[in-house]
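Structure first, commentary second.
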Amino acid sequence: MERICTIICILSTLMFMGCTGPMGPRGFMGFRGPDGKRGAIGQGLRGDFELLEANVLILKSSYYYNYQVFNSKRANFNNSIAFGHSVFQDEFNTDQPKDYVYASLRHDESDVSMVERIVAQLTGNVLANNLDNNAAKRLLLSLRDSAKYVYEFMDFFLSGVGLAKFRKYDEPHISELCAMVMDMFRQRESVLADIQSVLIDIRSLFKRELDIAKVRSSLNSIINIQGKVYEKIYIGNGSLKGLRDSVENKIDELKRLLVS
Numbered sequence: 001m002e003r004i005c006t007i008i009c010i011l012s013t014l015m016f017m018g019c020t021g022p023m024g025p026r027g028f029m030g031f032r033g034p035d036g037k038r039g040a041i042g043q044g045l046r047g048d049f050e051l052l053e054a055n056v057l058i059l060k061s062s063y064y065y066n067y068q069v070f071n072s073k074r075a076n077f078n079n080s081i082a083f084g085h086s087v088f089q090d091e092f093n094t095d096q097p098k099d100y101v102y103a104s105l106r107h108d109e110s111d112v113s114m115v116e117r118i119v120a121q122l123t124g125n126v127l128a129n130n131l132d133n134n135a136a137k138r139l140l141l142s143l144r145d146s147a148k149y150v151y152e153f154m155d156f157f158l159s160g161v162g163l164a165k166f167r168k169y170d171e172p173h174i175s176e177l178c179a180m181v182m183d184m185f186r187q188r189e190s191v192l193a194d195i196q197s198v199l200i201d202i203r204s205l206f207k208r209e210l211d212i213a214k215v216r217s218s219l220n221s222i223i224n225i226q227g228k229v230y231e232k233i234y235i236g237n238g239s240l241k242g243l244r245d246s247v248e249n250k251i252d253e254l255k256r257l258l259v260s
């Protein structure tokens, strides 16, 4: 025992004086330990979330484009457009569906006035028949729904505490939502452009002796189930309705993830 203590004392003295030999070769690396628990998502800047915020803001700005300028005309159009005609039943008894119609036309006074004239001819002209009445109904319903689906889509993001509720989700989920918002924006812009193109064509019909049948047929792309605009509003996953449904399903999926 005394000998061992003497050796330890000598080695300690040599190390203290710097009399150590060269470092030996590095030993083998040990086995990797188990992964630790995943940390919480940080509260700092997140590129995916910032992009989602920006895209939702762009969509919202598009939806409410020219709203403040148009707002002073709303009450007049609510009364002058034949929303109360029997063919519309109770579809436009409140202001909200009327506001959807205005949003579908970018709150553009000229285009809203054009729709007013079209509806007046299809429902009030002495030569108008049931086909014309139904065309007026399908026109206003299509315009209403094209904005309604976008509004409901935005509401999934902006309701409650707003976009802050999405911070808890991982980047892949946020990126998927972001792509959906961009798709909705592009599809809505396409629908808006197509509707405006139809109205431009019909506007020329009002410059000469009016043929109600031609006005009605000019609306086919909007009111017929095989029409280009109709399909963009209602048919398939890429339609306004399809995108509204897809984001609703995605958000429901994310809610289930939190409780699983």
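For the sequence shown, my numbering gives the first residue as 1, with consecutive numbering after it. Don't be surprised by glycine CBs; every beta carbon is placed ideally from N, CA and C.
Hey, residue i and residue j: beta-carbon distance below 7 Å or not?
i    : j    : result
A103 : Y149 : no
R208 : A135 : no
Y230 : K241 : no
F153 : H107 : no
V191 : S146 : yes
Straight-line CA distance for residue i to residue j?
i    : j    : result
L127 : V87  : 16 Å
F49  : K250 : 16 Å
S246 : F77  : 34 Å
H173 : L52  : 11 Å
N79  : S159 : 31 Å
G236 : R244 : 11 Å
L262 : D99  : The requested residue 262 does not occur in the structure, where the chain is confined to residues 1 to 260.
R138 : G47  : 42 Å
N220 : D194 : 12 Å
E109 : K73  : 8 Å
Y169 : G84  : 46 Å
What I want to know is whether the C-beta of residue i ends up closer than 6 Å to one or more non-hydrogen atoms of the ligand MN.
i   : result
K73 : As presented, the structure is devoid of all ligands, the ligand MN included, so that no description of it is given.
To which residues of the same chain is residue i closer than 7 Å at the C-beta, ignoring the five residues directly before and after it?
i    : result
A82  : V119, A120, T123 and G124
K255 : none
E248 : F156
G227 : N220 and S221
By Cβ distance below 8 Å, which residues in the same chain neighbour residue i in space, the five residues on each side in sequence not counted?
i    : result
S218 : V198, D201, I202 and L205
P267 : Here the chain covers residues 1 to 260 and nothing more, so residue 267 does not appear.
Taking residue i and residue j to be in contact with their CB atoms under 8 Å, please state how far apart those CB atoms are, rounded to whole angstroms.
i    : j    : result
V259 : L163 : So it is not a contact: roughly 21 Å between Cβ atoms.
Using a Cβ-Cβ cutoff of less than 6 Å, which residues in the same chain neighbour residue i once the five nearest sequence positions on both sides are dropped?
i    : result
R188 : V150
Write down every uninterrupted run of the alpha helix (DSSP H) in the stretch 165-205 whose length is 4 residues or greater and which is fully enclosed by it, in chain order.
List check, alpha helix (DSSP H) in window: 171-205.
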